[in-house]
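A.B. asks:
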Amino acid sequence: MRADAVRNRRALLDAALAAFQRGGVTASLDDIAKAAGVGAGTLYRHFPSRDDLVLAVIDDGLLGLAERGEGLLNATDPVAALADWLDAFVAQAGLFEGLARTLVNPEAGDDTTCKRSKRAGAALLDRAVNAGRLRDDVSSADLLDVAAAIAWLGDQGRDDAQRSRLLTLVIDGMRRAPSA
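Residue numbers for the sequence shown follow numbering that gives the first Met the number 0, beginning at 0 and rising by one.
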């Protein structure tokens, strides 16, 4: 892909994400193209339909989540790294109604980017467990289910402060109890 086409695609994805966050997936495609600084024809060359654009925004977010998790694998504090990734997962899962449910459904959400982001989260969990910092009876599926529930609360009008409190509660509840 040419450099200008790559830039245009990135601008469209960023503009679409911002528009979808503000007004949902029914946001005007013309407004998205204008916000990206391109014409409608450029938008439709990259994304022939609204569904193609929505799926590309979701995939782009999952790719970012996977890359974030992979980058956090070398963080000094494995629990803080997991908490950082988990916060990003909840934010991503809460972007679109029904996305959280799809991400944790074993029958769905198994495209390459989704699997890669889940593997990154599982690796962060394993690292924290192996460091002796978190309980060893928590699976990555458990963690994603709880994160999806927190993301769902965003659809119910809860705020970011509650999301932060609930994520802290989850991480604290997974900590290994001190030896007696």
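Just so it is clear, CB atoms sit at the ideal spot from N, CA and C, and this is done for glycine as well.
Predicted model, so just to flag it, every value in this text is computed and none were measured.
When the Cα of VAL103 is compared with those of ASP58, PHE19, ALA146, which residue comes out closest?
C.D. replies: One-based indexing of the sequence shown puts residue 103 at position 104. Checked all of ASP58, PHE19, ALA146; the closest Cα to VAL103 is ALA146.
A.B. asks: Keeping to the same chain, check which residues put their C-beta closer than 6 Å to that of ALA80; ignore five residues upstream and five downstream.
C.D. replies: Walking along the sequence shown from the start, residue 80 turns up at place 81. If we look at ALA80 and ignore the five residues flanking it on each side, its Cβ neighbours are LEU71, ALA74, LEU123.
A.B. asks: Given a threshold of 16 other Cβ atoms within 10 Å of its Cβ, counted over all protein chains shown, does PRO77 qualify as buried or as exposed?
C.D. replies: Taking the sequence shown and counting its residues from 1, the one referred to as residue 77 is at position 78. When all chains shown are included, PRO77 counts as buried.
A.B. asks: Quick check on ARG8: does DSSP put it in helix, strand or coil?
C.D. replies: For the purposes of this step, residue 8 is identified with residue 9 of the sequence shown, where counting begins at 1. If DSSP states are grouped into helix, strand and coil, ARG8 belongs with the helices.
A.B. asks: Out of ARG175, SER139, ALA55, state which residue places its alpha-carbon closest to the alpha-carbon of ALA130.
C.D. replies: Taking the first residue of the sequence shown as position 1, residue 130 is located at position 131. Looking only at ARG175, SER139, ALA55, the smallest Cα-Cα distance to ALA130 is reached by ARG175.
A.B. asks: In terms of residues, what are the limits of the alpha helix (DSSP H) holding LEU85?
C.D. replies: Within the sequence shown, residue 85 is the residue found at index 86, counting from 1. 77-92 is the span of the alpha helix (DSSP H), which, as asked, contains LEU85.
A.B. asks: Which residues does DSSP list as the beta-bridge partners of LEU133?
C.D. replies: In the sequence shown, residue 133 corresponds to position 134, counting from 1. DSSP, once it has assigned bridges, lists ARG174 as partnering LEU133.
A.B. asks: Enumerated in chain order, which unbroken segments of the alpha helix (DSSP H) with a length of 4 residues or greater are wholly contained in the segment 111-160?
C.D. replies: 111-129, 139-154
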